[in-house]
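Everything below concerns the one structure shown next.
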Ligand code: PLP
Ligand code: COI
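Residue numbers (our numbering): 40 to 405.
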């Protein structure tokens, strides 16, 4: 294993990242035309520990297991947060990451809510840049595929007492991925379980939000659906989001999506990007509270012509069917001139450098 020290480019919290490279890459074992989501990890990972009020000894090393005490508080009390972002290759093989500063901002907002230390922007960006420089060959050169980047932070103080941890670990791992939902999804509006309540942690990308959603999602899957559409926890009257993505509807040619003011919905970076692209194309966007009954009426009358989820993993996932109270509403098939196709094409073209990135969303890897 080759060990080198690399200076970071940031002036803020300037640190050396120690780099230990793998002896032999595993990349030849990967079939980029057939990648299962999230099961294949690239050669290296970034790791840094928080102790005595600061981040110490950042390191890039071969992807592999960590050795941890079974008493660490993340395992018992759920002090754990994560992010999801993607890197893409353009036609000349250049690698860029989509909106990493926005993921960093959201990560720190999740950290504050979960009583965890924030991560300096320079450390986050330098870690990403150096990790992706090393593993750039792992960014799939295939349409519809990307390198999924998963930053995660968790509490590592080994103590059973319920209190905030003093020690934390932050890591970044990456996986080449294909589509999360390979075909249009069937979703069902949830009217019993809740994902998040006002005053809770719905807006944070906290691990517990996902753990708590598994049982309701499993129940929906047993009834033949792929995912849920969550509703508000008080009355189940308003649409919120889906399990892994924000949700949007095309009603009468306008784009409708739940607003964020309740703090129960993840403020999706894909959601924001799709809204901005839609507006640039003259499509009216309405961010508002959407009543379940109203949506069902629009589905019944045919005025709701498209529904889709938007998220980093999901990209833009078409919804084929919406279930509600035992009834299924099938939406018309999506065509080349559908609003969701137009939005998705524009987003993919920006990400893969086929059109100019007028928003400044892509961060090139040096
Ligand atoms: N909502 C939830 C619950 C998610 O897990 C995700 C995925 O990250 C999203 C929405 C979409 O967010 P983003 O577009 O930032 O990935
Ligand atoms: C993402 O889209 O990045 C997510 O985090 C959703 C899911 C894979 C948990």
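Even glycine gets a Cβ: it sits at the ideal position worked out from N, Cα and C.
Annotation for residue 385 indicates a beta carbon at 8 Å or more from all heavy atoms of ligand 1.
Residue 213 has 188 as its beta-bridge partners, per DSSP. Rounded to whole angstroms, the separation of the alpha carbons of residue 317 and residue 361 is 23 Å. Comparing alpha carbon positions, the residue from 178, 93, 341 and 149 closest to residue 81 is 178. Excluding residues up to 5 positions away in sequence, 344 lie with their Cβ nearer than 7 Å to the Cβ of residue 371 in the same chain.
Close CB contacts of residue 150 within its chain, under the 8 Å cut and outside five residues either way in sequence, are with 120, 156, 157, 158 and 192 (chain order). For the options 270, 247 and 282, the alpha carbon positioned closest to that of residue 260 is the one of 282. At least one heavy atom of ligand 2 sits closer than 8 Å to the Cβ of residue 351. In the structure shown, the three-state DSSP call for residue 359 is strand. In this structure, the CA atom of residue 249 is about 33 Å from the CA atom of residue 129.
In the DSSP annotation of this structure, the continuous segment of the beta strand (DSSP E) that includes residue 403 starts and ends at 401-403. Positions of the alpha helix (DSSP H) runs, each at least 4 residues long and wholly inside the segment 330-401, are given as 331-340 and 378-390 in order along the chain. Collapsing the DSSP output to three states places residue 225 in a strand.
Sequence-distant Cβ neighbours of residue 125 in its own chain, meaning closer than 7 Å and more than five residues away, are 137, 185, 186, 187, 188 and 351. Only exposed fits residue 319, as fewer than 16 other CB atoms lie within 10 angstroms of its CB. Listed in chain order, the non-local C-beta contacts of residue 306 below 8 Å within the same chain comprise 145, 242 and 299, local neighbours out to five positions each way being set aside.
Classified as buried, residue 139 has 16 or more neighbouring CB atoms from the shown chains inside 10 Å of its CB. When distances are taken from the beta-carbon of residue 305 to the heavy atoms of ligand 1, the shortest one is below 8 Å. Of the candidates 340, 277, 141 and 365, 277 places its Cα closest to the Cα of residue 326. By DSSP's assignment, residue 127 forms a beta bridge with 135.
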